[in-house]
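Peer 1: Before anything else, here's the structure in question.
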Amino acid sequence: MMASQRTDQLKRLKTFGRLLDSSIPLPGGYRIGLDGIFGLIPGFGDVAGGVASSYIILEAARLGASTTTLLHMVFNVLIDSLIGLIPILGDLFDFVWKANNKNIKLLIKHLDSPRPKSSPEHRLTTTMVIILIILVAGTIGLAYLGFMLLLRLIAALQASGG
Numbered sequence: 010m011m012a013s014q015r016t017d018q019l020k021r022l023k024t025f026g027r028l029l030d031s032s033i034p035l036p037g038g039y040r041i042g043l044d045g046i047f048g049l050i051p052g053f054g055d056v057a058g059g060v061a062s063s064y065i066i067l068e069a070a071r072l073g074a075s076t077t078t079l080l081h082m083v084f085n086v087l088i089d090s091l092i093g094l095i096p097i098l099g100d101l102f103d104f105v106w107k108a109n110n111k112n113i114k115l116l117i118k119h120l121d122s123p124r125p126k127s128s129p130e131h132r133l134t135t136t137m138v139i140i141l142i143i144l145v146a147g148t149i150g151l152a153y154l155g156f157m158l159l160l161r162l163i164a165a166l167q168a169s170g171g
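Here it is as structure tokens:
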């Protein structure tokens, strides 16, 4: 990839990361992003945020990020997605953790350091495994949410005498 293409791609990824993590200013100078807003939607929001964050990881692999960097990026997204499933606490955590901004910084640090790069095939395989892990974690989260809703429905029906 040519240097100008890489620079353009990094700009797009920075913009996307900012949109997800810090695009909305709040009073007091703090910023939140769409990832935190999505996280307020039970179940779906955290999965949507994880999928959006996976795009940054996929592009990082295309730009030549090492397996170690990609795994660190996945860890950031998994923490964000899994803790985000916890009602209320997870929503607050989504606004603070900012996994996408962390991942952009990791990518830039990696690309600026003179390390040997892994093969494109290895990076692509690693990225696909990472995305699969995120999707499985999201599915487990949705199943948990569905189970909890079902238990509440049963409890409500029993309480009403039905």
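Okay, so the sequence shown: first residue is 10 according to the numbering used here, each after it adds one.
C-beta atoms are modelled at their ideal positions from N, C-alpha and C, and glycine is treated no differently.
#1: I need the straight-line Cα distance from Leu115 to Asn85, nearest angstrom please.
#2: Keeping to the same chain, check which residues put their C-beta closer than 8 angstroms to that of Ile142; ignore five residues upstream and five downstream.
#3: Find the nearest neighbour of Met137 within the set Leu159, Asp103, Ala69 and Asp55, judged by alpha-carbon distance.
#4: Distance, Cα to Cα, Arg132 vs Arg71?
#5: Roughly how many whole angstroms lie between the Cα atoms of Leu94 and Ala108?
#6: Can you tell which of Ser31, Gln14, Lys20 and Ala165 has the C-alpha that lies nearest to the C-alpha of Trp106?
#7: From the DSSP output, in three-state form, read off Pro129 for me.
#8: What's the gap between the Cα of Asn110 and the Cα of Gly170?
#9: Could you tell me which whole alpha helix (DSSP H) segments of length 4 or greater appear in the stretch 93 to 164?
#10: Which runs of the alpha helix (DSSP H) spanning at least 4 residues fall entirely within the stretch 31 to 97, listed in chain order?
#11: How close, in whole Å, do the beta carbons of Ile113 and Gly26 come, if the pair is a contact with beta carbons under 8 angstroms?
#12: For Ile66, count neighbouring C-beta atoms within 10 Å of its own C-beta (all shown protein chains included) and say buried if the count is 16 or more, exposed if not.
#13: So the candidates are Leu144, Glu130, Gly58 and Ile117; which of them puts its Cα closest to the Cα of Leu29?
#14: What do you reckon, is the C-beta of Lys114 under 7 angstroms from a heavy atom of the ligand GTP?
Peer 2: Taking the geometry as given:
#1: 10 angstroms
#2: Val83 and Leu87
#3: It is Ala69.
#4: 8 angstroms
#5: 15 angstroms
#6: Ser31
#7: helix
#8: 50 angstroms
#9: Residue ranges of uninterrupted alpha helix (DSSP H) with 4 or more members, entirely inside the stretch 93 to 164 and ordered along the chain, are 98 to 106 and 108 to 121.
#10: 43 to 48, 53 to 71 and 76 to 93
#11: Confirmed, about 4 angstroms.
#12: buried
#13: Gly58
#14: The ligand GTP is not part of the structure shown, which contains no ligands of any sort.
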